[in-house]
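Per our numbering, residue 121 is the first one in the sequence shown, and the count goes up by one each step.
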Amino acid sequence: MGDNNLSQIYRDYIACLNKRDWSNLGEFVGDDVEYNGQRIGLSGYREMLERDFRDIPDLRFNVQMLVCEPPQIASRLHFDCTPIGIFLGLPVQGKRVRFAENVFYEFRGRKIVQVWSVIDKIAIESQL
Numbered sequence: 121m122g123d124n125n126l127s128q129i130y131r132d133y134i135a136c137l138n139k140r141d142w143s144n145l146g147e148f149v150g151d152d153v154e155y156n157g158q159r160i161g162l163s164g165y166r167e168m169l170e171r172d173f174r175d176i177p178d179l180r181f182n183v184q185m186l187v188c189e190p191p192q193i194a195s196r197l198h199f200d201c202t203p204i205g206i207f208l209g210l211p212v213q214g215k216r217v218r219f220a221e222n223v224f225y226e227f228r229g230r231k232i233v234q235v236w237s238v239i240d241k242i243a244i245e246s247q248l
């Protein structure tokens, strides 16, 4: 799969998240997906995302940087949002925060099978 094709699949995946189109998540995420080394499967991945959107009603994934070398993608996602309570163990309580997530994906065909994610918690702490 070429760089452009995989990049577009990834951007379509991000659009799916932002639309909260959970019924189509399986088009982009494999049934046995692993997240930070733990197999959570598609259902666990969906539950994680649904929880994120409940905890952060204005959550929106914004691709700030994208590097594609099939079958992997590296992305820096930017967030500008207001978590409603405790977020990453921090008492955000509805305060607007800005932070980034560095995330690496491995694809098998058109689907994500591995995700490694690191959120810039220090950026959030500095805003509280």
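Cβ atoms here follow ideal geometry from the backbone N, Cα and C, with glycine treated the same way.
Thinking C-alpha only, which one of the options is nearest residue i?
i, options, result
"R196", "W236, V149, E154", "W236"
"R216", "F199, G229, E226, Y225", "F199"
"N138", "T202, E170, R218, I204", "E170"
"F219", "L210, A243, I160", "A243"
"V223", "E154, R174, S143, W142", "E154"
Start and end of the alpha helix (DSSP H) containing residue i?
i, result
"G214", "Careful: G214 lies outside any alpha helix (DSSP H) and carries neither H nor E."
"I244", "241–247"
Please decide whether residue i counts as near chain D, where near means a Cβ-Cβ distance under 9 Å.
i, result
"S246", "Of the protein chains in the structure, only one exists, and it is not chain D."
According to DSSP, residue i sits in a beta bridge with which residue or residues?
i, result
"Q158", "Y155"
"L186", "S195"
"R166", "Paired residue(s): none; R166 is not in a bridge."
"W236", "F224"
"I206", "P211"
If we count the other Cβ atoms within 10 Å of its Cβ and call it buried at 16 or more, is residue i buried or exposed?
i, result
"L248", "exposed"
"Q234", "buried"
"P203", "buried"
"V183", "exposed"
"V238", "exposed"
Out of curiosity, what's the CA-to-CA distance linking residue i and residue j?
i, j, result
"S246", "E147", "37 Å"
"D152", "C136", "19 Å"
"R140", "D132", "12 Å"
"F181", "K241", "16 Å"
"G161", "F227", "14 Å"
"L126", "D178", "27 Å"
"Y165", "I232", "11 Å"
"R159", "G150", "11 Å"
"A194", "C188", "6 Å"
"I129", "I176", "25 Å"
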